[in-house]
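Here the sequence shown stands for residues -1 to 308, numbered as in the numbering used here.
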Amino acid sequence: MKIMACNSNRPLAEAIAAYLNLPLTKAVVRRFSDMEVFVEIQENVRGEDVFVIQSSSFPANDNLMELLVAIDALRRGSARRITSVIPYFGYARQDRKSGPRTPISAKLVANLITVAGADRVLTMDLHAGQIQGFFDIPVDNLYGTLVFNQDIQDRFDGEDLVIVSPDVGGVVRARGMAKKLNADLAIVDKRREQAGVSEVMNIIGEVKGRHCILADDIVDSGGTLCNAAVALAEEGATSVSAYVTHGVLSGGAVARITSSPLDRLVITDSILATEAVRVSHSIEQLTIAPLMAEAIRRISEESSISVLFN
Ligand code: R5P
C-alpha cells in the first residue's frame, strides 16, 4: 500500500500516513509558470495499491486538477489500484439541475475522476448520499458523526439535548445523530429566497430550555448556521453549538460565526484550516485522520469497513 498526497491538506495526509506507519510516497505536485499542474511520482508504484489524498476544497479548481493529474500519473506509472481519498468532495452542492440550463457539476466531477483512472473513492459526508451513484466505481462514504458523537457525549453527558437540522435537507443526517445520541430532533424550516442568502422561517420541535446542537455537512458563508442559531436563541434554547463536517468557511464566515449566538462550532480537518479559523476561539477542529486511515487500511486489506459506522 502507498499513500500519496497532493497539496490541499498536507497535515491531514501526514497524519493519516503516520497512523498507518507509512511514509508519504515521494512525489512533486507543482505548477508550470502558466499555472498548469505537473505531477512527478519519484518512486516506483508499479503493481501498488495507491491511495491519493486530496480534498477539492479552496481553490477548488486547482485542487481538483491536481487530483486528476495525480491519478493520471499513477495510472501511467502502472499502479495496480488507485483510490481517490477525497475527505471533502467539492462541487457536491451542484447535484441536480437547480434551474433551466444549469449543470449537474457533481456528476461531471465524478466522471472526471473516473475517466482519469481512479478505481474507487473514499470520502466523507457527501452533500447528498445519492452522489455515490454518480460514480460507476465503488464509493465509501464515511460520516463525520463518527468523530463528533464521542465529543458530544463527553461535553453534554446527562444534559437535555436536542439535535437540530438547520434546514429540511439535513433532516436524515440530524435524525441519525439524534438516534445514536438518544436525543430529540428539531428542524429549522429555512427558506432561501435568493441564492447565497438564507432566511429562517420556523422551528419544528421543542428547544426551549434545552442544549441545542446544530448538525450539518457544510458550513460555507455561515449564514445557515448563524440564522438557525439566532432562531434557536430566540426560542429560549439554553445553549447552541454546531457540529459540521466540512469547514469551507469562505468570505466573512469566521467573523459571522464569532458574532453569532453560537457557543461553539466544531468542524473536522477534512479541509485545511485557514489562519482565521486556527485563531478563532469559537471554532474547534477534530481530526478525521484515524478514521480515514482505518478505512484505508481496511480497503487495502479488503476487509469490511461497515464496522466503522457503529
Ligand atoms: C445546504 O444544503 C448545506 O447542507 C449547508 O447548510 C449549506 O451549504 C451551508 O452554507 P452556508 O454556510 O453558506 O449557509
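Each residue gets a CB set at the ideal place from its N, CA and C atoms; glycine is no exception.
Bear in mind that the values here come from a model prediction, so they are computed numbers and not experimental data.
Is residue i a contact residue of the ligand R5P, with contact defined as CB to any heavy atom under 8 Å?
i, result
"HIS279", "no"
"THR310", "Coverage of the chain is limited to positions -1 through 308, which leaves residue 310 absent and any answer about it impossible."
"VAL246", "yes"
"ASP165", "yes"
"ARG91", "yes"
"GLU168", "The sequence shown places Gly at residue 168, rather than the Glu named in the question. Indeed, a heavy atom of the ligand R5P lies less than 8 Å from the Cβ."
"GLY125", "Checking the sequence, you will find His at residue 125 rather than Gly. Indeed, a heavy atom of the ligand R5P lies less than 8 Å from the Cβ."
"ASP187", "no"
"ALA251", "yes"
"ASP267", "no"
"ARG214", "According to the sequence displayed, residue 214 carries Asp and not Arg. Yes, the Cβ of ASP214 comes within 8 Å of a heavy atom of the ligand R5P."
Using only CA atoms, which one of the options lies nearest to residue i?
i, options, result
"ALA227", "ASP215, SER248, HIS125 and ILE201", "ILE201"
"GLY167", "ASP215, GLU292 and MET63", "ASP215"
"ILE39", "LYS24, ARG28, ILE51 and VAL50", "LYS24"
"GLY250", "GLY220, SER258, VAL37 and VAL26", "GLY220"
"ASP396", "PHE154, PHE49, TYR89 and GLN128", "With the chain covering -1 to 308 only, the question about residue 396 has no answer from this structure."
"LEU223", "LEU247, VAL205, GLU204 and HIS209", "LEU247"
"ALA184", "PHE30, ASP218, ARG99 and VAL238", "VAL238"
"GLU232", "LEU10, GLU204 and TYR241", "GLU204"
"LEU66", "THR272, ALA287, PHE133 and CYS4", "CYS4"
"THR112", "GLY127, PRO136 and PRO98", "PRO136"
"ALA287", "GLU300, LEU144 and PHE154", "LEU144"
"ALA240", "VAL305, THR272 and ILE281", "ILE281"
"GLN283", "GLN92, ILE265 and PHE36", "ILE265"
"ASN225", "LEU120, LEU270 and SER258", "SER258"
"THR121", "THR243, ILE255 and THR256", "THR243"
"ILE149", "ARG262, ARG8 and PRO9", "For the record, residue 149 in the displayed sequence is Asp; it is not Ile. Residue ARG262 is the option with its Cα nearest to ASP149."
"ARG94", "ARG78, VAL217, GLN128 and VAL119", "GLN128"
Which residues in the same chain have their Cβ closer than 7 Å to the Cβ of residue i, if we skip the five residues on either side of it in sequence?
i, result
"GLY207", "GLY234 and THR236"
"ALA274", "VAL252"
"PRO21", "ALA15"
"LEU18", "ILE1, ALA291, ILE294 and ARG295"
"ALA13", "THR285 and ALA287"
"LEU124", "PHE87, ALA90, GLN130 and ASN139"
"ASP165", "VAL186, LYS188 and THR222"
"ILE102", "GLN92, ASP93, ARG94 and LYS95"
Answer yes or no: the CB of residue i versus the heavy atoms of the ligand COA, is any distance below 8 Å?
i, result
"ASP218", "Because the ligand COA does not appear in the structure shown, any question about it cannot be addressed here, the ligands present being the ligand R5P."
Once the 5 residues before and after residue i are set aside, which same chain residues still bring their CB inside 8 Å of it?
i, result
"SER298", "MET(-1), ASP47 and PHE49"
"LEU72", "MET2, ILE39, VAL43, VAL48, VAL50, ILE80 and GLY115"
"PRO9", "ASP267 and LEU270"
Given that a residue counts as buried once 16 or more other Cβ atoms are within 10 Å of its Cβ, and exposed if not, what is residue i?
i, result
"ARG74", "exposed"
"GLU157", "exposed"
"THR100", "exposed"
"GLU34", "exposed"
"GLY142", "buried"
"ARG276", "exposed"
"VAL26", "exposed"
"PHE30", "exposed"
"ASN309", "Coverage of the chain is limited to positions -1 through 308, which leaves residue 309 absent and any answer about it impossible."
"LEU62", "buried"
"GLU300", "exposed"
"HIS209", "buried"
"VAL305", "exposed"
Once you ignore the five residues that flank residue i on each side, which residues in its own chain have a CB closer than 6 Å to its CB?
i, result
"ILE161", "ALA172, MET175, ALA176, ALA181, LEU183, ILE211 and ALA213"
"PHE146", "TYR241"
"VAL37", "VAL27, VAL67, ALA68 and ALA71"
"SER163", "VAL169, ALA172 and ILE185"
"ALA77", "VAL43, GLU46 and VAL48"
Chain D beta carbons: is any one of them nearer than 9 Å to that of residue i?
i, result
"HIS209", "As a matter of chain content, chain D is missing from the structure shown, which is built from one protein chain."
inquiry  = Contact between the segment 40 to 47 and the segment 56 to 69 is defined here as three or more beta-carbon pairs at a separation below 8 Å; is this criterion met?
reply    = no
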